[in-house]
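S.K.: The structure under discussion is supplied below as structure tokens; questions concerning it will follow.
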Ligand SMILES: [Zn+2]
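As structure tokens, then:
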């Protein structure tokens, strides 16, 4: 089930759909927000889990990218529906 969330990027704040596959997702699919989200996520993860090391093969990252690409498609469609007539 999709849930609406607000992007935590101060400069953005857009509402986006939250994918259950990406727990704790707090940023929308925009490039700059994803980057901000990744930074915050890594920071949180490093703070909460001392054993955690940034994935070097990018496996998790690729998985997230896939979910986000689906989300971008949805967002584009949603924006189209909300376009001013
Ligand atoms: Zn955003």
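Residue numbers (the working numbering): 336 to 420.
Even glycine gets a Cβ: it sits at the ideal position worked out from N, Cα and C.
1. Any contact of the region 374–388 with the region 407–416, i.e. 3+ C-beta pairs under 8 angstroms?
2. Please report how far the alpha carbon of residue 371 lies from the alpha carbon of residue 399, in whole angstroms.
3. Name the DSSP bridge partner or partners of residue 341?
4. Counting C-beta neighbours from all protein chains within 10 Å, is the total for residue 364 16 or more, i.e. buried, or is it exposed?
5. Run through DSSP, which three-state label would residue 360 get?
M.R.: Reading from the atomic positions:
1. no
2. 14 angstroms
3. 350
4. buried
5. coil
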